[in-house]
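Trainee: Residue numbers (the working numbering), protein chains in the order written: chain A, 1 to 405; chain B, 1 to 375. First, the structure itself, so that you have it in front of you.
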Amino acid sequence: MKLLLSLSSLLVLGSFVTAGDWPQFRGPGASGIGEEKGLPKSWGATENVKWKTDLPGRSAASPVVFGKKVFVTSATGAKLDRLHVLCLDADTGKILWQRQLTATGNTGCHPKSSMAAPTPCVNADGVYCLFATADLVAYDLDGNLKWYRSLAGDYPAISNQVGMASSPILWKDSLIVPMDTIGDSFLAAIDTKYGQNIWKVDRPKSINWVTPTLRTTGDKAEVVFSSTKDALAYNALDGKKAWTMANMGSGTPTASVVGDQVILPFGGGVVCLKPEGNEMKEVWKAPKLASGYTSPVAYKDHVYGISRAGTVTCVNLKTGKEAWGEAARVGKGKGQFWASPIANDGFVYTFDDAGICTVIETGKPEGVIASVNDLKAEILGTPAIANGALYIQTATGIFCIAAKK
Amino acid sequence: MRWLALGLSLLLFLSSANAADLANADKLLASIRAVSKEGTGNQEAGAAWKELVSLGGDVLFPTLKAFDDATPLAANWLRSAINAIGEKEKAAGRKLPADKLEAFLKDTKHAPGGRRIAYEFLVELDPKTPDRLLPGMLNDASFENRRDAVAAALKKAEKLEGAEAKKEYTRLFDAVRDKGQADALAELLKKAGESPSLTSHFGVLTNWMLVGPFDSTMGTGYNKAYEPEKKVDLAAKYVGKANAELKWIPHTSTDPNGLVNLNKAIEKHKDSVAYAFTLVDSPKDMAVEIRFGCISAVKVFLNGKELFQNEEYHHGERFDQYLAVGTLKAGKNELLVKVCQNNQTEQWAQNWQFQLRLCDATGGALPVKSVLPAK
C-alpha cells in the first residue's frame, strides 16, 4: 500500500520522473529513499568504486540522476564566481556536457559551503540549477539552454552572506524556487518552459537552508516550507497559504511526506502532522530526534535522524516513541554530519564530512552497524541512489559506488 | 574540368551559406541580448540560442564579440552558447582557429569576459599557451587573466634573488589585483626591505569623520534618515541615543585594509546607527567602483545619492564583500557610510565595523585624493 502511495506521488511530482530516478534533493519526493537492489555492502576509496570523476571546483550540493544521466554542480574561481553544471554518463562518469555561468549575485558564504550548494532538480524536460548566487538556469537533458535568470538582478536585495543552500523542486510545469534571505525574500513558482514567474509570495526576511517538500493529494499539491519561526504550506498552483503551524519552524532540515502525513523537523526535534479538514494536527512529537544540519528519513516503520556530531536516533513512525535512541555515535566520529541520511533495501546510510559512511541495518531492536566505509573525501551533499549504485558527491568530485558484476 | 566547376560551385555555395549564417547570427544574438528582468524575452532568446548553436563554429567569434555590450544577464546566455559550440566543434573533430582566438584575446577593445573565454580555449588547444601569453597579460583587464599572469610570474620569480627579486616583486605588486596575491607580494617585499602599502595600492580610504550612536532600537534606525543622511554638516551637533549630544569626530584607520572599528572609534553600542563621512577629490568625472565590507547592516551614499543598502547582521565580513557602482564628479565628492548595529547578544555579534575602497573596474586604485574634511 505504501509503495502504491509512493508511486502515485511520484506520478504527480514530476511530469516524467520514473521510479529509479533520483530527481531532486533527497531523491523522489524528498523521501531520501532508494528502490535499488544489490548496492555494495562495503566500499572504500578504491573498493567497489565503479568510477570517479573530478569536478572543476568545490560543491556542497547533491547529485541528481535521471535515467543514465547524472547532473552535478560546482563552483570555481578566486572570487567563487564561476558556476558549473555538468552532465555525466551514469555508467562511466564521462562528462557528456558542461556549461558555465558567471555569478551575478554575491558570492559570500561560510567557508564550508560553496556557490554550488543548492541541489539541482531534473525531469524529462530539463535540469534546473539554482546557485547560492541566485543564478537560476534550465538546460534540456542534452545541454541546450532553455532559459536563464539572474534572480539577484531581478531582486537586488537578495542577501545571505552565510551562503544559500535551499534547493528548487519540480511540480508539474512549475519550478518551485525557495529564496529566504535577509533582503528580498520569497517563494516562487517559475514556469519550466520559459522561466517566467507563475506566482511569487513574500517570505519572512530571514535566512534559512530548508528545501521545500511537496505534499500531494490527487491532482493538487502543497508546498511545505518552514521558516526559522513557523512551518507553512502553500498551494502549489497559486501560492496561496494553505496552513501554518506556528512556532514549528526550522532553519535547515527538510520535511518528508508519508502518505498524507508530514514528518516535520522543528526546533531540535521532529513532529508528525496529519490533515484534519483544512488544518494540520499534531500526531506525535519526538523532541529528541535531533537532526542538526541534516533531514530525517522516514523509512518503513521508523524515522531516523542524525545530529551534527553523529548521534543517530530512531523513533516509531506511528507513535514517535523512541525505538532505539541516544545510540552510540556512528562511524568513527571523525567529522560532522551535513549530508542527510538515506535509506535503501533495509539499510540506512549516514555520511560525515570526513568521508565515512556508516551503514545501519534497519528492523533490529537496536541500532546495528552493518559496515563503516571510508571514502577519504569530504562529503557535504546527500548522495543519490539510482541505477544499482550510490552516487556520492564529495566537495571536489563524484564517486559511483556499485558492486562488481 | 567538370570537377573543378563543381568544386568552385560548392565553394561559392558554402561561402554564401556562411555569409547568410553570419547575418542570421546577428539577429539571433540580438534576440539573446534583449533578455531582461523576470524572464522577459526568454522565449525568443531560447529559440535564438538553439538556432545560434546549430550554426556551429562559424558563429563562435560573433558570439564572443557579443559579450562586448551584453548585460551580465545576457552574457550568461552567451557563455552557455559558447560552451555548447565549443563542445560541438570538438565532437566533430574540428579544431578551433587558434590564430583568430589569439587575435581576439589580444584585442583589448573586447570585453574581459569574452577574452577570458578565448584564452581558456587557447589553453585547451595548446597547454603551453600560458608560458607564451601570460607574460603579456600582467595588466590585463580580465581579473582572471591578470591573476593567472601574476601567479605564473610569481612562480618564476622564486628563482630570483636580491635586487633582481625585489625589482620583480615590485613590478608584480604594481600589477596585482587579487587580494591574496597582493598580501603575499607585500610580505615578500617587506622581507626584501621595502615598505609596500596595500592601503594605497587598493585605494583604501582611511580618513573619516564619524558620528554616532543614533538610536536603532529593534532595527528601526536602518530605515530612519537621521540628519547626516539629509545633509552633512560637520559643525552640527545632534541628539543621539539616550539624548546624548553627538558631534563629528575625526578618525584615521591604521589597519592596512582600512578597517574602522566602531567599538573603538565610537564605543560599543547595541541597537545603534553610526555615520562615517569623507571627501574624495577627483581630477575629472570618472566611473568608480565602491568596494567595501561590513559585518552588519550598511548603506552607502555618494554625493547624497544612495548607491547600496543591505540589512544583514553578523553573517561575516570580507574584503570587497560588496560592490556599488557610481560616478565621481570632478572636484570634491561626498561619501557617506551608514553602519547599523543590532541587539544580538552572542559573543560573535558584538562588533560593528566597516572598510571601504574606491577603485576602477579592474580593482586598481583611482587617481583620486582622500581629503580630510575641513570642519
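A virtual CB, placed ideally from N, CA and C, is assigned to each residue, including glycine.
Does the distance from the CB of A:S250 to the CB of A:V303 come in under 9 Å?
Mentor: The answer is no: Cβ separation not under 9 Å.
Trainee: Does any C-beta atom of chain A lie closer than 9 Å to the C-beta of B:K37?
Mentor: So, interface residue.
Trainee: Using a 10 Å radius around the Cβ and a threshold of 16 neighbouring Cβ atoms, would you call B:G331 buried or exposed?
Mentor: Exposed: under 16 other Cβ atoms inside 10 Å.
Trainee: Considering only residues of the segment 212–295 of chain B, which uninterrupted beta strand (DSSP E) runs meet the minimum length of 3 residues and lie entirely inside it, listed in chain order?
Mentor: For the segment 212–295 of chain B, whole beta strand (DSSP E) runs of length 3 or above, ordered along the chain, are 237–239, 245–247, 249–252, 272–282 and 286–294.
Trainee: Go ahead and label A:L7 buried or exposed: buried means 16 or more other beta carbons lie within 10 angstroms of its beta carbon, across all protein chains shown.
Mentor: Its pLDDT being 39, under 50, A:L7 is placed unreliably in this model, and the value from its coordinates should be taken loosely. With fewer than 16 other Cβ atoms within 10 Å, it is exposed.
Trainee: Are there 16 or more other CB atoms within 10 angstroms of the CB of A:P111, so buried, or fewer, so exposed?
Mentor: By the neighbour-count rule (16 or more Cβ atoms within 10 Å), A:P111 is not buried but exposed.
Trainee: Distance, Cα to Cα, B:W348 vs A:Y293?
Mentor: If you take the alpha carbons of B:W348 and A:Y293, they lie about 20 Å apart.
Trainee: Tell me whether B:T63 sits in a helix, a strand or coil according to DSSP, three-state version.
Mentor: In the structure shown, B:T63 sits in a helix (DSSP, three-state: H, G or I).
Trainee: Suppose you measure from the CA of A:N160 to the CA of A:A117; what does that come to, to the nearest Å?
Mentor: Each residue's Cα considered, the two are about 13 Å apart.
Trainee: Taking only the alpha-carbon atoms, compute the straight-line gap between B:V371 and B:N207 and give it to the nearest angstrom.
Mentor: Approximately 8 Å between the Cα atoms of the pair.
Trainee: Between B:V260, B:I295, B:N303 and B:D271, which lies nearest to B:D281 when the distance is taken from Cα to Cα?
Mentor: Out of B:V260, B:I295, B:N303 and B:D271, B:N303 has the C-alpha closest to the C-alpha of B:D281.
Trainee: Which same chain residues, not among the five before or five after A:G41, have their C-beta less than 6 Å away from its C-beta?
Mentor: Reading the sequence as shown, one finds Lys at residue 41 of chain A and not Gly. Around A:K41: S371.
Trainee: Can you check whether the C-beta of A:S113 is within less than 9 Å of a C-beta belonging to chain B?
Mentor: For A:S113, the answer is no, since every Cβ of chain B falls outside 9 Å of its Cβ.
Trainee: List the whole-angstrom C-beta distance separating A:A236 from A:M245, where the pair is believed to meet the contact cut-off of C-beta under 8 Å.
Mentor: Incorrect: roughly 18 Å between the Cβ atoms, too far for contact.
Trainee: Taking the C-alpha atoms as reference points, what is the distance between B:L160 and B:A184?
Mentor: One C-alpha to the other measures close to 16 Å.
Trainee: Closer than 7 Å by beta-carbon distance: list the chain B residues that pair up with A:R408, in chain order.
Mentor: A question about residue 408 of chain A goes unanswered here, because the residues of chain A that appear run from 1 up to 405.
Trainee: Just by C-beta distance, which residues in the segment 316–339 of chain B are closer than 9 Å to chain A?
Mentor: For the segment 316–339 of chain B, which is checked against every Cβ of chain A, the residues closer than 9 Å are G316, E317, R318, D320, Q321, Y322 and L323.
Trainee: Within 8 Å, do at least three Cβ pairs link the segment 214–226 of chain B to the segment 252–271 of chain B?
Mentor: Taking 8 Å as the limit for Cβ pairs, the verdict is that the segment 214–226 of chain B does touch the segment 252–271 of chain B.
Trainee: Name the chain A residues whose beta carbon is nearer than 7 Å to that of B:N42?
Mentor: The contacting residues are W147, Y194, G195 and Q196.
Trainee: Starting from A:R149 and walking both ways along the beta strand (DSSP E), at which residues does that stretch end?
Mentor: From DSSP, the beta strand (DSSP E) with A:R149 extends over L145 to S150.
Trainee: Do you know offhand how far A:T53's Cα is from A:K94's?
Mentor: Cα to Cα, A:T53 sits roughly 7 Å from A:K94.
Trainee: Could you tell me whether the segment 194–213 of chain A touches the segment 35–46 of chain B, where touching means 3 or more Cβ pairs closer than 8 Å?
Mentor: Touching, per the Cβ criterion.
Trainee: Counting along the chain, where does the beta strand (DSSP E) carrying B:M370 start and finish?
Mentor: It is Ser, not Met, that sits at residue 370 of chain B in the sequence shown. Looking at the DSSP string, the run of the beta strand (DSSP E) that includes B:S370 is K369 to V371.
Trainee: Assuming A:E378 and A:A395 are in contact, meaning their beta carbons sit under 8 Å apart, how far apart are those beta carbons, in whole angstroms?
Mentor: Contact flag correct, Cβ pair sits at about 4 Å.
Trainee: For the alpha helix (DSSP H) holding B:Q321, just list the boundary residues, first then last.
Mentor: Neither: B:Q321 is in no alpha helix (DSSP H) and is coded neither H nor E.
Trainee: In chain A, which residues lie less than 8 Å from B:W348 when you measure between Cβ atoms?
Mentor: The premise fails here: B:W348 is roughly 12 Å from chain A at the closest Cβ pair, so nothing lies under 8 Å.
Trainee: At what residue ranges does the segment 63–151 of chain B contain a whole run of the alpha helix (DSSP H), taking only runs of 4 or more?
Mentor: 72–91, 98–106, 112–125 and 129–133, all fully within the segment 63–151 of chain B.
Trainee: When the Cα atoms are used, what is the spatial distance from B:K305 to B:M286?
Mentor: Taking the straight line joining both Cα atoms gives about 16 Å.
Trainee: Under three-state DSSP, which class holds A:N48?
Mentor: DSSP places A:N48 in coil when its eight states are reduced to three.
Trainee: Note down, in chain order, every chain B residue with its Cβ under 7 Å from the Cβ of A:S159.
Mentor: Under the 7 Å cutoff, chain B gives N310 and E312.
Trainee: A:P204: which of A:D180, A:P253 and A:I190 sits nearest, CA to CA?
Mentor: Taking only the C-alpha atoms, the option nearest A:P204 is A:D180.
Trainee: At a CB distance below 9 Å, what residues from the segment 220–241 of chain B approach chain A? Give them in sequence order.
Mentor: Residues passing the 9 Å Cβ filter: none.
Trainee: Taking C-beta to C-beta, are A:I190 and A:Q24 nearer than 9 Å?
Mentor: Not a contact, by the Cβ cut-off of 9 Å.
Trainee: Among B:G203, B:N333 and B:H315, which residue has its Cα nearest to the Cα of B:E346?
Mentor: Of the candidates B:G203, B:N333 and B:H315, the one whose C-alpha sits nearest the C-alpha of B:E346 is B:H315.
Trainee: Whose CA, out of A:T217, A:V297, A:V224 and A:G239, lies closest to the CA of A:G259?
Mentor: For the residues A:T217, A:V297, A:V224 and A:G239, the minimum Cα distance to A:G259 belongs to A:T217.
Trainee: Can you tell which of A:S167, A:V224, A:S174 and A:G355 has the C-alpha that lies nearest to the C-alpha of A:K334?
Mentor: If we check each option's Cα against that of A:K334, A:G355 comes out closest.
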